[in-house]
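Each residue of the sequence shown is one higher than the one before, counting from 452 in our numbering. Built from N, CA and C at the ideal position, the CB exists for glycine as well. First comes the structure, then the notes that go with it.
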Amino acid sequence: MPPTTTPPKPLLIAGNWKMYGRMADLAELDALAAAVGGVRAEVDVVLCPPFTMTAAAAGRAKGGRIAIGVQDVAAIGADGAHTGDVSAAMAADAGARFAIVGHSERRAAHGETDAVVAAKATAAAAAGLVPIVCVGETLEQRKAGEAAAVVAAQVAGSCPAAGVVLAYEPVWAIGTGLTPTAAEIAEIHAEARRAFAAKFPGAAVRILYGGSVKPGNAAEILAIDGVDGALVGGASLKAKDFAAIVLAG
Ligand code: PGA
């Protein structure tokens with residue numbers, strides 16, 4: 452008889468604390484570690500606190516199921532006179548293993564173009580970090596029917612090489628409580644995968660969904676065809692909520 456159960460889906464669930472977090476909040480990391488300790492082996496769990504907490508968080512998470520990431524890296528890889536910048540090598544030295552690049556908040560507030568994002572992804576990969584490259588359309592672009600084309604162009608322009616993780620995050624879904632329908636998510640993930648395959652034939656890529664992922668909708672979103680995990684903002688700040696999302700997959 453053929454097996455009747457589908458194999459468990461490998462997932463990557465990443466939390467992005469954005470500009471929140473004090474050292475006292477390492478207690479949330481401890482609580483998260485305790486809550487997700489028994490998560491199935493096919494689920495990778497990543498938490499990206501602010502730079503100020505990277506080293507302490509990595510020390511605290513060592514040996515457990517949670518890998519630490521950063522929310523950005525400098526586009527320039529080599530050490531130098533770049534006041535205020537943090538290089539990917541510094542992030543790796545502090546214990547990070549992943550780096551979010553091209554988050555829409557950085558694209559919007561810091562004018563980061565696809566070329567800048569690609570340079571950051573290159574710097575991250577050169578330092579041994581896994582880049583999580585974010586893409587996603589604005590509400591105006593979606594209303595104009597341009598979502599798929601915008602995302603495809605961002606994928607082509609922001610991914611410098613295979614070996615990255617992609618995160619599809621519609622700008623209008625971030626922090627708003629709004630989410631696309633399952634069909635819309637599936638459509639854009641398929642489009643992003645097509646654009647990636649066109650640039651890097653034969654290379655596999657994991658594509659996360661991000662934008663108002665919560666304990667209440669995580670199971671449904673993670674089950675969508677082509678969704679390989681989630682990038683979680685607000686709901687990653689509380690261990691209880693983030694653990695519920697991790698365990699929903
Ligand atoms: P949100 O943020 O989960 O708070 O909507 C997602 C993100 O910005 O990565």
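{"Query": "Who are Ala550's beta bridge partners in DSSP?", "Result": "Val521 and Pro582"}
{"Query": "With three or more C-beta pairs closer than 8 Å as the rule, is the region 563 to 573 touching the region 513 to 531?", "Result": "yes"}
{"Query": "Kindly examine the ligand PGA and report whether one of its heavy atoms sits closer than 8 Å to the Cβ of Ala643.", "Result": "no"}
{"Query": "Beta-carbon within less than 8 Å of Val602's beta-carbon, same chain only, minus the 5 sequence neighbours each way: which residues are those?", "Result": "Val586, Gly587, Glu588, Tyr619, Ile639, Glu642, Ala643 and Ala646"}
{"Query": "Is Ala618 close to the ligand GTP? I mean its beta-carbon at under 8 Å from any heavy atom of the ligand.", "Result": "In the structure shown, the ligand GTP is absent; the only ligands present are the ligand PGA."}
{"Query": "Would you identify the three-state DSSP class for Arg491, choosing helix, strand or coil?", "Result": "coil"}
{"Query": "So which of Ala674, Gly553 and Ala560 has the shortest CA-CA distance to Thr573?", "Result": "Gly553"}
{"Query": "Could you tell me whether any non-hydrogen atom of the ligand PGA is closer than 8 Å to the CB of His561?", "Result": "no"}
{"Query": "Measure the C-alpha to C-alpha separation of Asp544 and Gly596 and round it to an integer number of angstroms.", "Result": "43 Å"}
{"Query": "State buried or exposed for Thr505, treating a residue as buried only when at least 16 other CB atoms are found within 10 Å of its CB.", "Result": "buried"}
{"Query": "Among all the DSSP beta bridges, which residues are the ones paired with Val601?", "Result": "Its beta-bridge partners do not exist; DSSP assigns none."}
{"Query": "So if I measure from each beta-carbon to every heavy atom of the ligand PGA and keep distances below 6 Å, which residues remain?", "Result": "Asn467, Glu620, Ile625, Gly626, Gly661, Gly662, Ser663, Val664, Leu682, Val683, Gly684, Gly685 and Ala686"}
{"Query": "Are Ala550 and Ala542 closer than 9 Å when you measure CB to CB?", "Result": "yes"}
{"Query": "Mind checking which residues open and close the alpha helix (DSSP H) that includes Leu617?", "Result": "It is not in any alpha helix (DSSP H) - Leu617 instead sits in the beta strand (DSSP E) that spans Val616 to Tyr619."}
{"Query": "Measure the C-alpha to C-alpha separation of Ala633 and Phe693 and round it to an integer number of angstroms.", "Result": "21 Å"}
{"Query": "Spatial neighbours of Thr627 within its chain, please: CB distance less than 7 Å, with the 5 preceding and 5 following residues excluded, ordered by chain position.", "Result": "Ser663"}
{"Query": "Could you give the DSSP three-state label for Ile682: helix, strand or coil?", "Result": "Before going on, a small fix: residue 682 reads as Leu here, not Ile. Three-state result, Leu682: strand."}
{"Query": "Tell me the DSSP bridge mates of Asn467?", "Result": "Cys499"}
{"Query": "By how many angstroms is the C-alpha of Pro458 removed from the C-alpha of Ala539?", "Result": "35 Å"}
{"Query": "Note down, in chain order, each residue of its chain lying with its Cβ closer than 7 Å to the Cβ of Phe502, except the 5 sequence neighbours on either side.", "Result": "Val521 and Val537"}
{"Query": "Determine, using beta-carbon pairs with one atom in the region 680 to 693 and one in the region 459 to 473, whether at least three such pairs fall under 8 Å.", "Result": "yes"}
{"Query": "Using a threshold of 9 Å, state whether the C-beta atoms of Ala637 and Lys665 are closer than that.", "Result": "no"}
{"Query": "Between Ala674 and Ala690, what straight-line distance do the alpha-carbon atoms span, to the nearest angstrom?", "Result": "22 Å"}
{"Query": "With DSSP run on the structure shown, which of helix, strand or coil describes Arg511?", "Result": "helix"}
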